[in-house]
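Heads up, the thing below is written out as structure tokens.
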Amino acid sequence: MIKVLVCCASGSGTSMMMKLTAEKACKALGVDAKVEHAPIAEAKSSARNFDIVITSPAFVSTFDSIKDRVKIAAVKNPLSQPEYVNALKESGLVK
Amino acid sequence: MLLKDIVEANHYLFTDSFESWQDSIYGAAQPLVDDGTLDKEYLDKIIENVNTYGPYFIIMPDVAMPHSTLGGAGCHKTAIGFCKVKKPVVFDPEDETKNARLFFTLAAVDNDKHLQNMVQLSEMLIKDGIVEDLLAAETKEDLLDIDKKYSE
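Those sequence lines, one after another, are chains R and A.
So the mapping is simple: our numbering equals the position in the first sequence, first residue as 1, plus 71.
So the mapping is simple: our numbering equals the position in the second sequence, first residue as 1, plus 59.
Right under this line is the structure:
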């Protein structure tokens with residue numbers, strides 16, 4: 072099982088949408104995944120407990136210090152399932 | 060489904076233009092302010108957040124989803140407001156993809172109901188053609204027609 076963290080500025084709107092889309096993408100890929108969502112301020116400290124962090128392009132650099140340990144991916148549209156599928160594939164976590 | 064709920068709650072607004080992006084945050088949320096779902100404090104916070112993070116709630120070109128945190132100060136009920144403005148609101152002068160004409164302002168105090176709202180909003184916005192139809196809408200009847208058209 073892979074652990075996915077999605078995060079946005081507030082943690083209650085966009086990232087909830089991101090979570091719904093990420094879950095769909097994982098299902099479409101046939102991947103067993105646990106997806107959690109968080110505001111960026113919280114995600115900074117909890118990210119290390121996940122396999123991959125998916126966030127918006129503006130927040131990618133927030134995770135520079137842990138990018139060796141955790142995959143960091145950016146998606147522009149929180150509702151675009153293909154973007155999530157690509158992000159997951161490019162991370163190497165799923166085929 | 061969601062649009063019908065929005066119309067029945069009187070949480071919709073059609074307008075021609077806003078003076079600034081700040082004005083659009085207050086203006087688009089006016090129906091939610093009018094019935095006490097939100098007050099100005101919540102909207103002030105959204106503007107503060109944009110000043111910190113940029114326009115984080117533009118979820119796709121033309122679609123803004125202004126919101127602050129769940130149970131944030133100044134938020135008293137769980138609801139979604141709809142606003143369509145004819146003249147695009149510019150959030151980032153250097154990035155046209157951050158312009159918006161459709162606003163879905165989120166208010167949330169009840170986590171379960173908010174999740175339901177987000178599922179409905181997500182399911183709605185991924186339907187092919189719906190953004191174009193919403194951009195062409197002028198009246199609440201148009202919203203109800205769109206709701207019916209995409210309900211299957």
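From the three backbone atoms N, C-alpha and C, an ideal C-beta is built for every residue, glycine too.
Under a 10 Å Cβ-count criterion, A/M60 is classified as exposed, with fewer than 16 other Cβ atoms of the shown protein chains found around its own Cβ. As summarised for the segment 90-136 of chain A, the continuous alpha helix (DSSP H) elements at least 4 residues long and confined to that stretch are 99-112, given in chain order.
Contact check for A/H135 against A/L174 fails: the beta carbons are separated by 8 Å or more. Counting only residues of its own chain and dropping the five nearest sequence neighbours on each side, R/L150 has a CB closer than 8 Å to the CB of M88 and T92.
For R/T126, no chain A residue has a Cβ inside 9 Å of its Cβ, as the nearest lies near 10 Å away. Taking a cut-off of 8 Å on C-beta distances, the segment 132-150 of chain R does not touch the segment 161-170 of chain A, as fewer than three cross pairs fall below it. For A/T74, the enclosing beta strand (DSSP E) has its first and last residue at Y71 to T74.
At the C-beta level, R/C97 and R/F130 stay beyond 8 Å of one another. Residue-level contact by beta carbon fails for A/N158 and chain R, as no gap is shorter than 8 Å. Between A/V66 and A/K199, the gap from beta carbon to beta carbon is short of 8 Å. When the alpha-carbon of A/K145 is set against those of A/M183, A/V190, A/Q81 and A/E197, the nearest one is in A/E197. Collapsing the DSSP output to three states places R/P153 in a helix. Of R/K105, R/R140 and R/I125, the smallest CA-CA separation from R/R119 is found for R/R140. Rounded to whole angstroms, the separation of the alpha carbons of A/M124 and A/Q179 is 14 Å. For the 8 Å CB-CB criterion, A/T137 and A/N108 do not form a contact.
Selection A/G140, A/L129, A/Q81 and A/F162 evaluated against A/H70 yields A/G140 as nearest (Cα-Cα). The beta carbon of A/N110 sits no closer than 8 Å to any beta carbon of chain R. Using beta-carbon distances, R/P153 does not count as an interface residue toward chain A, since no partner is under 8 Å. Between A/L203 and A/L62, the C-beta gap is smaller than 8 Å, which places the two residues in contact. Neighbours of A/Y115 in chain R, taken as residues at a C-beta separation under 8 Å, are given in chain order as C79, A80, S81, T85, S127 and A129. Here R/G101 carries a coil assignment [DSSP, helix/strand/coil].
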